[in-house]
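Participant: In mature numbering (1 follows the signal peptide of the UniProt record, and there is no 0), the protein residues as written are -20 to -1, 1 to 175.
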């Protein structure tokens, strides 16, 4: 009888030890899940941008440039300088701090698709004819950082329009879409990460 009681107690103790060990693993797993980043990298955002349009996103990247006209636009770079997303400061947010430049910045806001199609290009041509282009460089070669983010190389508005038409024709032939998609974030908040 003593052996049976000892065996039952030993089995109970082993069961409790195994349950406790399993609970500790579950607790560690839950902790690891909560410590996972709550942001996307720029590369991942751009890769899935078409499915995220209109949604609130949080993205992190290196701020390579702030617009000189009030720091209302920040350009976040991913793994290289071909992976760039523009973030535009909301009125409530104000502007981006100069300390953002060359820092890792996390931005939250709504992802917006900017489409360039034939109607857009015709409107742009009309503006050029009427000399109504904006002072921020669009009347000449365009904002260098904006052009770089879009992969543009042309130096005049007319050459940019011709390049866009060529790219639209290529995309339409390949994908059946008669427009180009570019994305930006209407930022509601940002944070400069600790170095």
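Note that beta-carbon positions come from the ideal geometry of N, C-alpha and C, so glycine has one too.
1. Can you tell me which of 170, 144 and 173 puts its alpha carbon nearest to the alpha carbon of residue 160?
2. Could you compute how far the alpha carbon of residue 20 sits from the alpha carbon of residue 148?
3. Leaving aside the five residues before and after residue 130 along the sequence, list all residues of the same chain whose C-beta is less than 7 Å from its C-beta, in chain order.
4. Could you pull the DSSP bridge partners for residue 171 from this structure?
5. Run through DSSP, which three-state label would residue 143 get?
6. Pick out whichever of 140, 173, 164 and 158 has its Cα sitting closest to the Cα of residue 105.
7. State the start and end residues of the unbroken alpha helix (DSSP H) segment that holds residue 102.
8. When the Cα atoms are used, what is the spatial distance from residue 83 to residue 170?
9. Give the straight-line distance between the Cα atoms of residue 75 and residue 39, rounded to the nearest whole angstrom.
10. Quick check: the segment 29 to 36 against the segment 77 to 95, are at least 3 beta-carbon pairs closer than 8 Å?
11. In angstroms, rounded to a whole number, what distance separates the CA positions of residue 107 and residue 146?
12. Can you name the start and end residues of the alpha helix (DSSP H) that residue 24 belongs to?
13. Taking the alpha carbon of residue 54 as the reference point, which residue from 137, 135 and 125 has its own alpha carbon closest?
14. Would you kindly work out how many angstroms separate the C-alpha atoms of residue 156 and residue 137, rounded to a whole number?
15. Excluding sequence positions up to five away, which residues of its chain have a Cβ less than 8 Å from the Cβ of residue 70?
16. Just verifying my parser: in three-state terms, what is the DSSP assignment at residue 123?
17. With DSSP collapsed to three states, give me the class of residue 71.
18. Quick one: measure Cβ to Cβ for residue 56 and residue 41, integer angstroms, because I've assumed they're closer than 8 Å.
Facilitator: By the coordinates alone:
1. It is 144 whose Cα lies nearest to the Cα of residue 160.
2. Inter-residue distance for residue 20 and residue 148 is about 28 Å (C-alpha atoms, whole angstroms).
3. Here the set comprises 162.
4. Bridge partners of residue 171: 86.
5. DSSP places residue 143 within a helical segment (H, G or I) once states are collapsed to three.
6. For the set 140, 173, 164 and 158, the Cα lying nearest the Cα of residue 105 is the one of 140.
7. Start and end: 98 to 109.
8. The straight-line gap from Cα to Cα measures roughly 12 Å.
9. Cα to Cα, residue 75 sits roughly 17 Å from residue 39.
10. Look at the beta carbons and you see the segment 77 to 95 touching the segment 29 to 36: at least three pairs across the two are nearer than 8 Å.
11. Between residue 107 and residue 146, the C-alpha separation is close to 20 Å.
12. Note, residue 24: alpha helix (DSSP H), 22 to 27.
13. Nearest of 137, 135 and 125 to residue 54, Cα basis: 125.
14. If you draw a straight line from the Cα of residue 156 to the Cα of residue 137, it is about 26 Å long.
15. Excluding sequence neighbours, residue 70 sits near 89, 166, 167 and 168.
16. Per DSSP, reduced to three states, the secondary structure at residue 123 is coil, with no helix or strand assignment.
17. DSSP places residue 71 in the coil class of the three-state scheme, outside both helix and strand.
18. Rounded to the nearest angstrom, the Cβ distance from residue 56 to residue 41 is 3 Å, consistent with a contact under 8 Å.
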